[in-house]
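Number 47 in my numbering belongs to position 25 of the sequence shown; there are no gaps in the numbering. Note that beta-carbon positions come from the ideal geometry of N, C-alpha and C, so glycine has one too. Since the structure is predicted, the reported quantities are computational estimates derived from the model, not experimental observations. Heads up, the thing below is written out as structure tokens.
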Amino acid sequence: MLFLSISGMIGSGWLFAALAGASYAGPASIISWMVAAVLFIFIGLSYAELGSILPFSGSLVRIDHYAHGSLSNYLLGWAYLIGTATTVSMEAEAIIMYTNSYFPYFSTPSGYLSTLGVAAAAALIALFTVIQVIGVNVFGKVNTAITIWKFIVPSLTVVLLLTLYFHPSNFTKYGGFTPLGLQAVFTAMVPSGIVWAYEGFRQALEYAGEAENPHRDVPLALILSILIVALLYIALEVAFIGGVNWGKIMLKGSNSEYAIPIKPGDWGNLVYSNWAGSPFYTELATSGVAVLAAFAVILLIDAWLSPAGTMGVYIGATARSLYGLSRQGYYPEIFSSLHRRFQTPWFSMVFTFILALLFLLPFPTWYQIVSISSTATVVNYLAGGSALVVLRRTAPELRRAYRVPLPWLIGLISFVSSSMLIYLTGWPSLGYVFLVTAFGLPLMILGYRDKLGLSLVEASAASLAYWVTLGLVMYLGLVSGLIGFSVYWTVFALTVIVTLLYLYYKTKGSYAAMEVASSSWFVGYMIVIGALSYVGSMGEGYLKYPWDYIAAIVLSIIFFVISIMQGFETKEIAEVKAKGVPVE
Numbered sequence: 023m024l025f026l027s028i029s030g031m032i033g034s035g036w037l038f039a040a041l042a043g044a045s046y047a048g049p050a051s052i053i054s055w056m057v058a059a060v061l062f063i064f065i066g067l068s069y070a071e072l073g074s075i076l077p078f079s080g081s082l083v084r085i086d087h088y089a090h091g092s093l094s095n096y097l098l099g100w101a102y103l104i105g106t107a108t109t110v111s112m113e114a115e116a117i118i119m120y121t122n123s124y125f126p127y128f129s130t131p132s133g134y135l136s137t138l139g140v141a142a143a144a145a146l147i148a149l150f151t152v153i154q155v156i157g158v159n160v161f162g163k164v165n166t167a168i169t170i171w172k173f174i175v176p177s178l179t180v181v182l183l184l185t186l187y188f189h190p191s192n193f194t195k196y197g198g199f200t201p202l203g204l205q206a207v208f209t210a211m212v213p214s215g216i217v218w219a220y221e222g223f224r225q226a227l228e229y230a231g232e233a234e235n236p237h238r239d240v241p242l243a244l245i246l247s248i249l250i251v252a253l254l255y256i257a258l259e260v261a262f263i264g265g266v267n268w269g270k271i272m273l274k275g276s277n278s279e280y281a282i283p284i285k286p287g288d289w290g291n292l293v294y295s296n297w298a299g300s301p302f303y304t305e306l307a308t309s310g311v312a313v314l315a316a317f318a319v320i321l322l323i324d325a326w327l328s329p330a331g332t333m334g335v336y337i338g339a340t341a342r343s344l345y346g347l348s349r350q351g352y353y354p355e356i357f358s359s360l361h362r363r364f365q366t367p368w369f370s371m372v373f374t375f376i377l378a379l380l381f382l383l384p385f386p387t388w389y390q391i392v393s394i395s396s397t398a399t400v401v402n403y404l405a406g407g408s409a410l411v412v413l414r415r416t417a418p419e420l421r422r423a424y425r426v427p428l429p430w431l432i433g434l435i436s437f438v439s440s441s442m443l444i445y446l447t448g449w450p451s452l453g454y455v456f457l458v459t460a461f462g463l464p465l466m467i468l469g470y471r472d473k474l475g476l477s478l479v480e481a482s483a484a485s486l487a488y489w490v491t492l493g494l495v496m497y498l499g500l501v502s503g504l505i506g507f508s509v510y511w512t513v514f515a516l517t518v519i520v521t522l523l524y525l526y527y528k529t530k531g532s533y534a535a536m537e538v539a540s541s542s543w544f545v546g547y548m549i550v551i552g553a554l555s556y557v558g559s560m561g562e563g564y565l566k567y568p569w570d571y572i573a574a575i576v577l578s579i580i581f582f583v584i585s586i587m588q589g590f591e592t593k594e595i596a597e598v599k600a601k602g603v604p605v606e
């Protein structure tokens, strides 16, 4: 479990996020890594207890079902599914982008993957899908070896750069430690990939059902993995910034060739420079130090192994999310069917492969997809703090191998931490994430229609009307800008609210009505936080920093309290209390 979580965090994040973080915040990106680590530790504390109560495969998309019922859990799980599927695509892109350093046919002059590059990325995803189908035990043995390698190489990179190629002046000159302002410490976390790099801690939860002693192993792996990897990432950022030699960095000229020297201290343009495609490799290879140039070759090998190990983990995580959603009745049973020989969710893995391919085409570069992937995943983490408190109330007698002290406080901090990471995505990226999350609702309506009291015709008509409306909102509002925010966000809000009211009306007086009502906290959260993002400092700027951050924290606390109030003793948690955790 510990190796899986560490492997999930040490992927392409260490290869790219150090440069991207420096590009957004300069040397202050070191603080960004520290702040993100603290936030994830609180998020991890919530899941450490929850994972010891409900150690299922794919538990991250199932836990909220036991606290708020099906609808809330489905929307959160759908967002998580988007995040994990895009991660598979990102890791494949990372491998190909670094490979382009010595085989320059995989990328176009604009930095996007070429047709050959996309084909190569697809082949990699296919290979690791086959490995995952063979089984977690086989992959676990391979992954342990890969994880050890993945930890050693970046650690050696830190030592070599700090001892042989370190420029302390980069931390004090060119605008000082915070050249882009204090706010940049926070705004850097999501688009740079810092948040994304930490998200792999959850793999202990995804594979919990396959652990020998999940009640002990899951919470231990969650907390230790975050602490270990945080120290490594902070050291990598220090080493990268200290190793920046401004005289070696070039920007593109009018002919799309890297021919214009970057201005010393121009941190913001690092992501557009000749270093962006393979940051650490280029830093080492152009250093002029023989030892570093030789080690750069080893780093190219790691540029395959680090993302490859993480890609394999996330193929399994996405498949187990689909498995979990199927076990909860949202998707057809075939998604939870296990391979007769290998006992792995083979169909869900094949479907994961298809999803990952779909994300390769519209986002053909690592830097383009990282914000969407990070935020979609963090949306699901809202459930952790809320479910922690709800289950302490509705199921206090369940065995907890790890009990969080002060659950109300830890749950609140966990929820607010997740919420602030979501808010820091900024507009319009957050608008896209919320719209895509809401876009998944009809899939549940169609699959869950019997329990919602809907005929196939009713469910199909409602779903079609919903999709058409949200599709128009996305195109006319966010994509083309033909209609203003106040119009398209109001239409979005009304569409989701009216759909919920319709479902509540159709199920009134039944258990399903409780589930519909219990999801309103999350729907309200998307509408309100989305609007705040638009008017805040990372949107149109009507509400300036730090007032928009303060507003986001206050609103997060309010929605946390609402989510606790709407939690109830679901049928599923009552069954666990009566019969124990079901064996799968």
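Determine the burial state of residue 279: buried for a count of at least 16 other Cβ atoms within 10 Å of its Cβ, exposed for fewer. Here residue 279 is taken as the residue at index 257 of the sequence shown, counted from 1. Answer is exposed; the Cβ neighbour count stays below 16.
Coil, strand or helix - residue 367 by DSSP: For the purposes of this step, residue 367 is taken as residue 345 along the sequence shown, with counting starting at 1. If DSSP states are grouped into helix, strand and coil, residue 367 belongs with coil.
With DSSP as the reference, label residue 309 as helix, strand or coil. Along the sequence shown, one-based indexing puts residue 309 at 287. Reduced to three states, the DSSP call for residue 309 is coil.
Buried or exposed by the 16-neighbour rule on C-beta atoms within 10 Å, applied to residue 402: The sequence position of residue 402 within the sequence shown is 380, counting from 1. Residue 402 is buried by the Cβ-count criterion.
Excluding five sequence neighbours on each side, which residues of the same chain lie with their C-beta closer than 6 angstroms to the C-beta of residue 39? For the purposes of this step, residue 39 is taken as the residue at position 17 of the sequence shown. Here the set comprises 214, 215, 216, 219.
Relative to the C-alpha of residue 292, which residue among 309, 272, 303 is closest? The residue labelled residue 292 in the question sits at position 270 within the sequence shown. That would be 272, whose Cα lies nearest to the Cα of residue 292.
Spatial neighbours of residue 518 in its chain, beta-carbon cut-off 8 angstroms, leaving aside the 5 residues before and after: Mapped onto the sequence shown, residue 518 falls at position 496. Result list for residue 518: 460, 463, 545, 548, 549, in chain order.
Check whether the Cβ atoms of residue 468 and residue 481 lie closer than 7 angstroms to each other. Reading the sequence shown from its first residue, position 446 is the one you call residue 468. Reading the sequence shown from its first residue, position 459 is the one you call residue 481. The answer is yes: Cβ separation under 7 angstroms.
Buried versus exposed call for residue 532 [16 or more other C-beta atoms within 10 Å across all chains shown]: Position 510 of the sequence shown holds residue 532. Residue 532 comes out exposed.
According to DSSP, is residue 380 helix, strand or coil? Along the sequence shown, read from residue 1 onward, the residue named residue 380 stands at position 358. Helix, per DSSP.
Supposed contact pair residue 475 and residue 529 - C-beta distance, whole angstroms, cut 8 angstroms: Translated into the one-based positions of the sequence shown, residue 529 becomes position 507. Translated into the one-based positions of the sequence shown, residue 475 becomes position 453. Yes, residue 529 and residue 475 are in contact; Cβ-Cβ is about 5 angstroms, under 8 angstroms.
Measuring CB to CB, does residue 371 end up less than 7 angstroms from residue 154? Here residue 371 refers to the residue found at position 349 of the sequence shown. Here residue 154 refers to the residue found at position 132 of the sequence shown. Yes, these two residues count as a Cβ contact at 7 angstroms.
Take residue 342 as the anchor and find which of 430, 359, 495 has the nearest alpha-carbon. Along the sequence shown, read from residue 1 onward, the residue named residue 342 stands at position 320. Taking only the C-alpha atoms, the option nearest residue 342 is 359.
Straight-line Cα distance separating residue 264 from residue 290: As a working note, residue 290 is residue 268 in the sequence shown. As a working note, residue 264 is residue 242 in the sequence shown. Each residue's alpha carbon lies about 16 angstroms from the other.
Cβ-based burial, residue 235 [other Cβ within 10 Å; buried from 16]: Looking up residue 235 in the sequence shown gives position 213. Classification for residue 235: exposed.
Rank 66, 26, 25, 94 by C-alpha distance to the C-alpha of residue 586 and give the top, closest one. Counting from one through the sequence shown, the residue named residue 586 turns up at place 564. Cα-wise, what sits closest to residue 586 is 94.
Going along the chain, which unbroken runs of the alpha helix (DSSP H) with 4 or more residues stay wholly within the region 290 to 368? 301 to 307, 312 to 349
Is DSSP giving residue 245 helix, strand or coil here? What you label residue 245 is simply residue 223 of the sequence shown in a count that begins at 1. Helix.
Just curious, the beta strand (DSSP E) that residue 187 is in, first and last residue? Indexing the sequence shown from 1 puts residue 187 at position 165. It is not in any beta strand (DSSP E) - residue 187 carries neither H nor E in the DSSP assignment.
Do the CB positions of residue 172 and residue 73 come within less than 7 angstroms of each other? Taking the first residue of the sequence shown as 1, we reach residue 172 at position 150. Taking the first residue of the sequence shown as 1, we reach residue 73 at position 51. Result no, Cβ atoms of residue 172 and residue 73 do not sit closer than 7 angstroms.
Assess, as a yes-or-no matter, whether the region 550 to 561 is touched by the region 435 to 449 under the definition of 3 or more beta carbon pairs within less than 8 angstroms. yes
Member of 49, 53, 495 whose CA lies at the smallest distance from the CA of residue 198: By 1-based counting over the sequence shown, the position of residue 198 is 176. The option with the nearest alpha carbon to residue 198 is 49.
Identify which residue in 553, 525, 42 has its Cα closest to the Cα of residue 508. The residue labelled residue 508 in the question sits at position 486 within the sequence shown. The residue with the shortest Cα to Cα distance from residue 508 is 553.
In angstroms, rounded to a whole number, what distance separates the CA positions of residue 61 and residue 269? As a position in the sequence shown, residue 61 is number 39, starting the count at 1. As a position in the sequence shown, residue 269 is number 247, starting the count at 1. In a straight line, the C-alpha of residue 61 is about 36 angstroms away from that of residue 269.
Residue 555 to residue 320 span [Cα, whole Å]: Counted from its first residue, the sequence shown places residue 555 at position 533. Counted from its first residue, the sequence shown places residue 320 at position 298. Approximately 43 angstroms between the Cα atoms of the pair.
Near residue 130, what residues of its chain come up, given a Cβ to Cβ distance below 6 angstroms and the 5 sequence neighbours on each side ignored? Taking the sequence shown and counting its residues from 1, the one referred to as residue 130 is at position 108. Excluding positions up to five away in sequence, the list reads 136.
Could you check whether residue 28 and residue 169 sit closer than 7 angstroms to each other, using their CB atoms as the reference points? As a first step, residue 169 is located in the sequence shown; it is residue number 147 there, counting from the start. As a first step, residue 28 is located in the sequence shown; it is residue number 6 there, counting from the start. Yes. Within cutoff.
How far does the beta strand (DSSP E) with residue 280 in it reach, from first residue to last? As a working note, residue 280 is residue 258 in the sequence shown. Note, residue 280: beta strand (DSSP E), 280 to 283.
Exposed or buried, residue 167, counting other C-beta atoms within 10 Å across all chains shown (16 or more means buried)? The count along the sequence shown starts at 1 and reaches residue 167 at position 145. Classification of residue 167: exposed, given that the 10 Å Cβ count is below 16.
Please state whether the Cβ-Cβ distance between residue 537 and residue 91 is less than 7 angstroms. Position 515 of the sequence shown holds residue 537. Position 69 of the sequence shown holds residue 91. Yes. Within cutoff.
Measure the alpha-carbon distance for residue 354 versus residue 99 and round it to whole angstroms. If you number the sequence shown from 1, residue 354 lands on position 332. If you number the sequence shown from 1, residue 99 lands on position 77. Looking at the two C-alpha atoms, the distance is approximately 16 angstroms.
Does the pairing of the region 51 to 69 with the region 428 to 440 give three or more beta-carbon distances under 8 angstroms? yes
What does the alpha-carbon distance come out to for the pair residue 389 and residue 539? Mapped onto the sequence shown, residue 389 falls at position 367. Mapped onto the sequence shown, residue 539 falls at position 517. If you take the alpha carbons of residue 389 and residue 539, they lie about 38 angstroms apart.
Inter-stretch contact (C-beta, 8 angstroms, three-pair minimum) for the region 368 to 385 and the region 344 to 353: yes
Less than 7 angstroms between the beta carbons of residue 256 and residue 223, yes or no? Along the sequence shown, one-based indexing puts residue 256 at 234. Along the sequence shown, one-based indexing puts residue 223 at 201. Contact: no.
Anyone know if the C-beta pair for residue 70 and residue 424 falls short of 7 angstroms? Taking the first residue of the sequence shown as position 1, residue 70 is located at position 48. Taking the first residue of the sequence shown as position 1, residue 424 is located at position 402. Yes.
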